[in-house]
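Chains F and Y, in that order, are what the protein sequence lines are.
Just so we're aligned, residue 1 is where the first sequence starts under the working numbering, counting upward by one.
Just so we're aligned, residue 1 is where the second sequence starts under the working numbering, counting upward by one.
See structure below.
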Amino acid sequence: MALKWLIDASYFVAAVLFILGLKGMSSPVTARKGILWAGVGMVLATVVTFLTPGMNNFALMVIAIAVGGALAWVSGKKVAMTDMPQMVAIYNGMGGGAAAAIAAVEFARGEMHGVIVTLLATLGALIGAVSFAGSVVAWAKLQGVMRKAFRLPAQNAVNVVLALATVGLGLAIIAAPAIDPTLVGAFFVLSLILGTIITLPIGGADMPVVISLFNAFTGLAVGFEGFVMGIPALIIAGIVVGAAGTLLTQLMAKAMNRPISNILFVPMAAAGGGEAVEGEQKEVGAMDAAAMMRYASKVIIVPGYGMAVAGAQHKVWEMTELLEEAGVEVLFAIHPVAGRMPGHMNVLLAEAGVPYEKILDLEEINADFAQADVALVIGANDVVNPSARTDKSSPIYGMPILNADMAQNVIVVKRGKGTGYSGIENALFYKDNCRLLYGSAQQAVAEVIQHVKAMSV
Amino acid sequence: MDGFVAIYIFMLAAFTGYEVISRVPVILHTPLMSGSNFVHGVVLVGGMIALGEAVTPLEQAIGFVAVLLGAANAAGGYVVTERMLAMFKSKEGK
């Protein structure tokens with residue numbers, strides 16, 4: 001009895017630590033303490049679980065924890081900062097898979113107590129399996145294993161039929177007097193296919209929102225399985241994450257001006273390509289670009305994922321320091337969806353050493369562009385496309401953008417003439433005040449640095 | 001557990017999750033998503049209990065997978081979040 005009390009009390013403390021941890025993580029000052037608290041809660045909950053009376057298979061348990069934990073720990077330590085989003089996706093998928101597997105064990109044991117328990121177990125299994133399969137696809141896409149967005153003919157119809165079939169099977173499981181292994185097996189297979197099919201047609205640019213959605217899904221699945229197993233700590237942690245993840249997903253979708261239903265069911269490229277843009281792109285050399293910035297009084301840098309992929313953020317910061325020595329005011333403008341997730345670009349710039357007060361959000365900086373001599377766009381595209389303001393037929397119409405086009409001069413560092421990640425033509429590149437500096441971000445910025453140095457001597 | 005008690009827990013936890021996140025600055029969105037990803041790694045505990053009660057080889061195999069995946073979720077989620085948040089230290093130094 002005392003043992004049971006100790007276990008329950010520990011789960012309670014763990015639940016409190018999780019909530020305090022999340023609370024801490026929502027402010028930059030306390031964020032590091034937050035993850036530490038949550039970590040302590042996790043260790044506590046895991047350790048006391050070993051004391052649960054009447055448990056077997058300890059050897060298997062220890063092996064699974066050691067292998068799974070070690071593999072994830074090492075891969076998490078090694079991964080580059082630019083690849084963080086897909087790592088979050090894959091770890092999240094594993095959580096969803098774990099929730100589905102718990103449900104599977106309960107089904108295999110065949111003793112469900114009551115309709116509500118069976119219902120929640122089934123729901124958790126469905127959501128967990130969808131989250132697992134979907135997260136793996138999301139990982140494969142961001143990792144570049146799977147490049148193309150596959151779209152079946154009549155994709156939405158297939159989605160609906162598949163979803164209905166899966167839910168139908170789930171209901172059949174709940175209605176059946178005893179657990180039917182064939183039904184359960186088919187149900188899991190269909191759930192996994194559903195998760196895959198839903199995620200396959202989604203373009204890479206929308207992936208952060210989808211990962212966030214699956215994160216909320218996994219939270220819900222964990223909460224439901226917590227109810228099935230009668231562990232309040234699981235219910236609380238799962239549902240808190242489910243709610244927080246839902247809110248986060250909404251915030252992200254809002255920043256992109258793409259309702260979640262659009263992301264899931266309307267492919268970006270097929271949403272209408274927007275008006276053709278007339279005019280031509282005007283090129284600029286590294287030396288002229290350097291001169292424009294060196295003799296400017298204010299430069300605003302708009303970094304995008306292209307800069308991060310090229311690993312150019314360190315070079316960009318080096319250039320910034322040089323320009324500041326020459327008396328130029330340099331600021332960084334971050335679009336809410338710059339990078340692959342909101343806040344991703346801030347993390348990458350922080351890694352390169354850029355101080356926080358130089359990094360400004362869209363609302364903070366948009367008015368400043370009109371006073372800037374140069375807006376330097378590096379590896380960003382859609383987030384500075386003025387078509388979002390004017391062209392109603394453009395797929396990104398209505399998305400808040402950075403007003404880089406309002407600056408006196410715009411320099412865009414770009415690999416080539418093609419359209420960007422989303423395949424949408426950018427009207428900014430054809431504007432009179434815009435010049436294109438072709439080359440990889442890394443190399444182009446390095447050249448600019450050389451020229452700025454030469455001018456400062 | 002009493003059904004209604006569980007529903008109360010559901011409801012209160014949902015409000016808590018919503019409130020805890022509602023005033024988060026954009027720069028913390030990614031670390032927070034990663035951090036909440038870590039928190040649902042507590043599914044590991046459920047997996048351990050499921051494996052602990054498993055009897056047949058099939059149950060043991062699925063339970064093993066549950067613990068394996070849960071442990072990966074928790075460990076990976078922690079490392080990744082901690083690495084992202086470690087970068088916020090430099091800010092306070094300045």
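Glycine included, C-beta positions come from ideal geometry on N, C-alpha and C.
These numbers come from a predicted model, not from an experiment.
9 angstroms is my cut-off, CB to CB: does residue i come that close to chain Y?
i: P400(F); result: no
i: G54(F); result: yes
i: L139(F); result: Note on identity: in this sequence residue 139(F) is Trp, with Leu being the wrong assignment. False, the Cβ-Cβ gap to chain Y never drops below 9 angstroms.
i: S75(F); result: yes
i: W23(F); result: Correcting the residue identity first, residue 23(F) is Lys in this sequence and not Trp. Yes, its Cβ sits closer than 9 angstroms to a Cβ of chain Y.
i: T118(F); result: no
i: F58(F); result: yes
i: E324(F); result: no
i: S26(F); result: yes
i: S212(F); result: yes
i: M292(F); result: no
i: W5(F); result: no
i: V215(F); result: Note that residue 215(F) is Asn in the sequence shown, not Val. Closer than 9 angstroms: yes.
i: N403(F); result: no
i: D180(F); result: no
i: T49(F); result: yes
i: M42(F); result: yes
i: A269(F); result: Model confidence at A269(F) stands at a pLDDT of 49, short of 50, so the residue's coordinates are unreliable; what they give is reported in the following sentence. No, because no Cβ of chain Y sits closer than 9 angstroms to the Cβ of A269(F).
i: T82(F); result: no
i: F18(F); result: yes
i: Y91(F); result: yes
i: T199(F); result: no
i: A133(F); result: no
i: G306(F); result: no
i: F227(F); result: yes
i: V412(F); result: no
i: M232(F); result: The question names Met, but residue 232(F) in the sequence shown is Pro. So yes, P232(F) belongs to the interface.
i: L169(F); result: no
Helix, strand or coil, according to DSSP, for residue i in the structure here?
i: V512(F); result: For residue 512(F) there is no data in the structure shown, the boundaries of chain F being 1 and 457.
i: Y397(F); result: coil
i: Y356(F); result: helix
i: A255(F); result: helix
i: I424(F); result: coil
i: V412(F); result: strand
i: K392(F); result: coil
i: Y8(Y); result: helix
i: E280(F); result: coil
i: D405(F); result: helix
i: E19(Y); result: helix
i: D432(F); result: coil
i: Y438(F); result: strand
i: L200(F); result: coil
i: G179(F); result: Per the sequence shown, residue 179(F) should be read as Ile rather than Gly. Coil at I179(F), not helix or strand.
i: L119(F); result: helix
If we count the other Cβ atoms within 10 Å of its Cβ and call it buried at 16 or more, is residue i buried or exposed?
i: G68(F); result: buried
i: Q473(F); result: In this structure chain F extends from 1 to 457, so residue 473(F) is not present and cannot be described.
i: I35(F); result: buried
i: M1(F); result: exposed
i: E106(F); result: buried
i: L152(F); result: exposed
i: V96(Y); result: The requested residue 96(Y) is not part of the displayed model; chain Y covers only 1 to 94.
i: D391(F); result: buried
i: L192(F); result: buried
i: E59(Y); result: buried
i: T56(Y); result: exposed
i: T182(F); result: exposed
i: S297(F); result: exposed
i: Q86(F); result: buried
i: Y295(F); result: exposed
i: F64(Y); result: buried
i: P28(F); result: buried
i: Y78(Y); result: buried
Can you find a C-beta in chain F that's less than 9 angstroms from the C-beta of residue i?
i: S90(Y); result: Summary for S90(Y): the model assigns pLDDT 48, below 50, so the residue's position carries little reliability; its value from the coordinates is reported in the next sentence. It does; some Cβ of chain F falls within 9 angstroms.
Please look up how many angstroms separate the CB atoms of residue i and residue j, rounded, as I've assumed it's under 8 angstroms.
i: I235(F); j: F10(Y); result: 7 angstroms
i: P232(F); j: Y11(F); result: 7 angstroms
Cβ of residue i within 8 angstroms of any heavy atom in the ligand NAP?
i: V413(F); result: This structure lacks the ligand NAP; in fact it carries no ligand of any kind.
Could you tell me whether the region 48 to 62 of chain F touches the region 91 to 110 of chain F, using the rule of 3 or more Cβ pairs below 8 angstroms? Too few Cβ pairs lie closer than 8 angstroms, so no.
Counting pairs of beta carbons, one from the region 39 to 46 of chain Y and one from the region 12 to 19 of chain Y, are three or more of them closer than 8 angstroms? With the cut-off at 8 angstroms, the region 39 to 46 of chain Y and the region 12 to 19 of chain Y do not touch.
Using 8 angstroms as the cut-off, can you tell me whether the region 132 to 149 of chain F makes contact with the region 84 to 97 of chain F, which would need three or more C-beta pairs spanning the two stretches below that distance? Touching, yes.
When the Cβ atoms of the region 297 to 311 of chain F are set against those of the region 362 to 376 of chain F, are three or more pairs found closer than 8 angstroms? Taking a contact to require three or more Cβ pairs closer than 8 angstroms, the region 297 to 311 of chain F and the region 362 to 376 of chain F qualify as touching.
For the region 342 to 357 of chain F and the region 27 to 36 of chain Y, state whether three or more C-beta atom pairs, one from each stretch, are separated by less than 8 angstroms. Cβ pair count under 8 angstroms is three or more, so yes.
Contact between the region 425 to 434 of chain F and the region 377 to 395 of chain F (3+ Cβ pairs under 8 angstroms): Cβ pair count under 8 angstroms is three or more, so yes.
For the region 114 to 131 of chain F and the region 251 to 260 of chain F, state whether three or more C-beta atom pairs, one from each stretch, are separated by less than 8 angstroms. Short answer: they don't touch.
Are at least three pairs of beta-carbons, each pair with one atom in the region 430 to 440 of chain F and one in the region 279 to 289 of chain F, less than 8 angstroms apart? Three or more Cβ pairs drawn from the region 430 to 440 of chain F and the region 279 to 289 of chain F lie within less than 8 angstroms of each other, which places the two stretches in contact.
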